[in-house]
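Read in order, the letters of the sequence shown are residues 260 to 520 in the numbering used here.
Glycine included, C-beta positions come from ideal geometry on N, C-alpha and C.
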Amino acid sequence: MNEAYSNGGVILETEELTKYFGNLPAIKGVNLTINEKEVTSLIGPNGAGKTTFYNLITGRFPPSSGRILFKGKDITGFPPHKILKRGLARSFQITSIFNELTVLENVRSAVIAQSTARMNLFKHVNSFGSLYEKSMEYLKLIGLEDKINLLCSTLSHGDRRTVEIGITLASDPDLILLDEPTAGMTPEETKKMVNLIKDLSKQTKTTFFIIEHDMNVVFSISDRIIVLYYGEILADGAPDQIRVNQKVKEAYLGGLTDAAG
């Protein structure tokens with residue numbers, strides 16, 4: 260995607276976004292903007308509504324009311340495949356790759372799906388070389404070019420998550436939503452993932468919007484942190500502002516400040 264657009268640097272916006280499950284309000288009139296090229300983290304205690312909010316943005320749930328604007332255009336109620344086509348991609352908390360395929364085959368499958376080759380394989384048979392080259396570009400970006408022939412089933416958990424990010428990048432998104440990118444990782448894997456996201460934010464045109472429970476990760480990776488609490492925005496600001504916010508401390512019962520040191 261990465262098409263030109265102008266909306267004052269805002270890539271995603273919600274207006275009074277609300278979601279009810281029966282009589283229970285999970286998201287309560289949320290007004291939020293995500294700025295282009297900022298790494299933004301969405302945090303909150305369990306049950307705060309973070310995953311529901313992601314599901315609304317990506318079209319998995321229809322909102323009860325309110326609007327979602329992506330690159331200045333209304334995408335409220337769009338199905339997930341149309342939202343992906345517009346340049347908004349999501350990487351899930353549970354790794355979703357083909358373990359029986361190699362690293363290269365996983366990423367190349369995503370490149371082929373994004374390319375016009377999927378429309379007419381016979382007409383575009385000569386493009387396979389360029390598809391390989393494009394796949395290698397993504398593999399170099401995520402630092403797995405030396406593991407292209409390994410089956411994904413043989414990779415470490417951290418490398419499998421990295422492959423998933425490569426697959427997500429291959430959809431050529433303007434905005435990626437990452438759901439718990441460091442979940443289940445060792446400290447060393449976590450450090451590598453944090454550095455990868457930082458590097459991708461600098462080296463690509465993609466904006467990253469992250470749900471993450473590890474507060475050390477949140478404070479080290481974020482330009483901006485949004486705190487969701489029982490379906491409402493409790494706080495929104497730079498890491499230093501969130502770190503000293505008394506309402507946030509109370510919501511986490513001291514856990515946030517302890518984790519952040």
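CB contact check: residue i to chain C, cutoff 8 Å
i	result
SER300	Protein chain content of the structure displayed is limited to a single chain, and chain C is not contained in it.
Residue i to residue j span [Cα, whole Å]
i	j	result
SER350	VAL298	15 Å
GLY388	ARG419	25 Å
VAL289	PHE478	23 Å
VAL507	ILE501	7 Å
TYR511	PRO321	29 Å
LYS228	GLY281	The first residue shown for the chain is 260 and the last is 520, placing residue 228 beyond what the model contains.
GLY417	ASP473	15 Å
PHE357	ASN365	6 Å
TYR397	GLY308	32 Å
VAL273	ILE456	This sequence places Thr at residue 273; Val is not what is there. Cα to Cα, the separation comes out at about 24 Å.
PHE381	LYS406	Below a pLDDT of 50, predicted positions are generally treated as unreliable, and PHE381, at 48, falls in that range; no measurement from the model is reported.
ASN454	ILE327	30 Å
LYS287	VAL370	38 Å
ARG483	ASP495	7 Å
VAL362	LEU414	9 Å
LEU360	LEU403	15 Å
HIS451	LYS393	Reading off the sequence, residue 451 comes out as Lys, not His. Near 23 Å, if we compare the C-alpha coordinates of LYS393 and LYS451.
GLU275	ALA348	22 Å
LYS296	THR466	5 Å
VAL476	LEU434	20 Å
Where residue i sits in the DSSP three-state scheme
i	result
PRO338	coil
PHE280	strand
SER355	coil
ALA372	helix
ASN408	coil
VAL366	helix
ILE501	helix
LEU360	coil
GLU392	helix
GLU509	helix
LYS296	coil
LEU271	strand
LEU291	strand
Cβ neighbour criterion (16 or more within 10 Å) applied to residue i
i	result
PRO432	buried
GLU423	buried
ASN504	buried
ASN314	buried
ASP438	buried
LEU283	exposed
ILE270	buried
PRO440	buried
ALA497	exposed
SER412	exposed
ALA285	buried
THR421	buried
VAL384	Low per-residue confidence applies at VAL384: pLDDT is 45, beneath 50, and the placement is therefore not dependable enough to give any value.
ALA372	exposed
LYS330	buried
Segment limits, beta strand (DSSP E) that includes residue i
i	result
ARG483	483-488
THR466	466-470
THR299	299-302
ILE492	491-496
ASP438	434-438
ILE348	Reading off the sequence, residue 348 comes out as Ala, not Ile. Counting along the chain, the beta strand (DSSP E) containing ALA348 begins and ends at 347-350.
First and last residue of the uninterrupted alpha helix (DSSP H) at residue i
i	result
GLY417	416-428
LEU455	446-462
ASP480	Checking the sequence, you will find Ile at residue 480 rather than Asp. Here the alpha helix (DSSP H) through ILE480 covers 474-480.
- Of all the alpha helix (DSSP H) runs that stay within the bounds of the segment 304-333, which reach a length of 4 or more residues? 309-316
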